[in-house]
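**Student:**
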Amino acid sequence: MMRWFTILLCSLFAGGITNAQITIAESDMPVRGDTLRYSNANTALGTSFAADSGANIVWDYVLNPTSQGVDHYKRPAEVNPLFGFTISNPSCYGCKIADSIPGIGLIASGITIADLHTFYSMMVTPRCFAAEAFGAKVAGFPVGAVYEVPDAVYMFPLEFGDNDSSDFHLKFGAATFGSIEQKGYRKTRVDGWGTIQTPYFPTPKPCIRVRSELNEIDSVSLSGMSFGLPRVTIEYKWLVNGEHYPALLVSAISVGGLEIVTSTRYRDYYRPELNTKVRNITADNQDVLVYPNPAADGWVRFELPDSWTDFHTELFDAQGKSVGAWSNQRQLNLAALPSGNYLARIISGGNTAYVKVVR
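Heads up: the sequence shown begins at 1156 in my numbering, then just goes up one per residue.
In structure tokens:
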């Protein structure tokens, strides 16, 4: 009898661990250098999933992968050298959020916006993972901007039942095309906990579900004219510990109170059968230092990883123009260059690093 009682206690204890509520913290967020693969799946979930909230829920949807992508988290200067001068915090990091959009109401003007990136930071007051900066090519010109009010994507710690709201405000532009502004607020609620199963997690994985509602107005100012477009976007994210990426992310737009799913993606492994252009890559996070910086007498020296025995260095000015190139030289004489800020790009094999140099 005692033996069966012990087995029963162990079973209950194990079950409690499996289905225990979890807490999401800063350590569960992406970090610079992360290369996180996802699969896009069918969006035929309908709207019934939205009501799948509450305690001890089992989320197990049919997800058929159709394509893949990789979110590679880089610093602004690693994405485009010019971003290193226009985004004040060089330590923020982010990934591409879209290849292109025609421009909010800019189709008639012919202006395009491409290579959209959002850059994030871990903030202390309040404790949150926030969108701090934005970068894109507008009409072919790289434009970076810092949020006037950062968008707090997650407030920590994240636990079932939490409710948070915060404002955000982003404005970016250039003299040649005017400005674009995004202003609104985010409401976030942790509306469920339980386990999730996906093709990547065939065994149930403890998680929480976070629902975010973004109410915003996208405004455009062009040639003295200004107009705005309100929209409501809903995001459902199933978060697990240690993955740095949602196990499942469903995005929707709200039209007349009805949520229409626009995309479904989930954390996944490489699937060669999809014939994707995104190969099975990994990130190599290497740090490069330069000193003295500023260069007091024109000489600077680069401290590189020991494995970088064959490397190429190129220096860019504030306008993005190349002003010099060197191969396998750790010490450079920049005395002939005008005083100012420069950006050095060092390439060694498959590794690329950027570092700001002050002359």
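Where is the CB? At the ideal position from N, CA and C, for every residue including glycine.
Between which residues of its own chain and Val1301 is the CB-CB distance below 7 angstroms, once the five residues before and five after are set aside?
**Tutor:** Ile1242, Ser1243, Glu1287, Ala1288.
**Student:** Only counting the same chain, and skipping five residues up and downstream in sequence, which positions put a Cβ closer than 8 angstroms to that of Cys1362?
**Tutor:** Contacts found: Ile1177, Trp1214, Trp1348, Gly1349, Thr1350, Ile1351, Trp1393, Leu1394, Val1395, Ala1402.
**Student:** Have a look at Lys1326 and Pro1359 and give me their C-alpha separation to the nearest angstrom.
**Tutor:** About 42 angstroms.
**Student:** Going along the chain, which residues of its own chain have a beta-carbon closer than 7 angstroms to the beta-carbon of Val1234, five neighbours each way excluded?
**Tutor:** Taken in chain order, the residues that qualify are His1272, Gly1290.
**Student:** What are the boundary residues of the alpha helix (DSSP H) that Val1234 is part of?
**Tutor:** Its alpha helix (DSSP H) spans residues 1231–1234.
**Student:** Is there contact here, the stretch 1445–1461 with the stretch 1217–1233, by at least three beta-carbon pairs under 8 angstroms?
**Tutor:** Not touching, per the Cβ criterion.
**Student:** Measure the Cβ-Cβ separation of Val1387 and Ile1372 and say whether it is below 8 angstroms.
**Tutor:** Not a contact, by the Cβ cut-off of 8 angstroms.
**Student:** Tell me where the beta strand (DSSP E) around Phe1238 begins and ends.
**Tutor:** Careful: Phe1238 lies outside any beta strand (DSSP E), inside the alpha helix (DSSP H) at 1238–1241.
**Student:** Would you tell me roughly how many angstroms separate the C-alpha atoms of Leu1313 and Ser1462, rounded to the nearest one?
**Tutor:** Taking the straight line joining both Cα atoms gives about 40 angstroms.
**Student:** Can you round the beta-carbon distance between Thr1468 and Ala1450 to whole angstroms, since I take them to be within the 8 angstroms contact cut?
**Tutor:** Not really, about 14 angstroms apart at Cβ, beyond 8 angstroms.
**Student:** Among Tyr1400, Tyr1216, Arg1187, Ser1334, which one has its Cα closest to the Cα of Tyr1193?
**Tutor:** Of Tyr1400, Tyr1216, Arg1187, Ser1334, the residue nearest in Cα terms is Tyr1400.
**Student:** Just verifying my parser: in three-state terms, what is the DSSP assignment at Ser1203?
**Tutor:** Here Ser1203 sits in helix by DSSP.
**Student:** Using the three-state DSSP reduction, which class does Leu1489 fall into: helix, strand or coil?
**Tutor:** Leu1489: coil per DSSP, three-state reduction.
**Student:** Can you check which of these residues, Ile1179, Lys1292, Asn1195, Pro1185, is closest to Thr1353 by C-alpha distance?
**Tutor:** Residue Asn1195 is the option with its Cα nearest to Thr1353.
**Student:** Using beta-carbon positions only, say whether Val1308 and His1324 come within less than 8 angstroms of one another.
**Tutor:** No, these two residues do not count as a Cβ contact at 8 angstroms.
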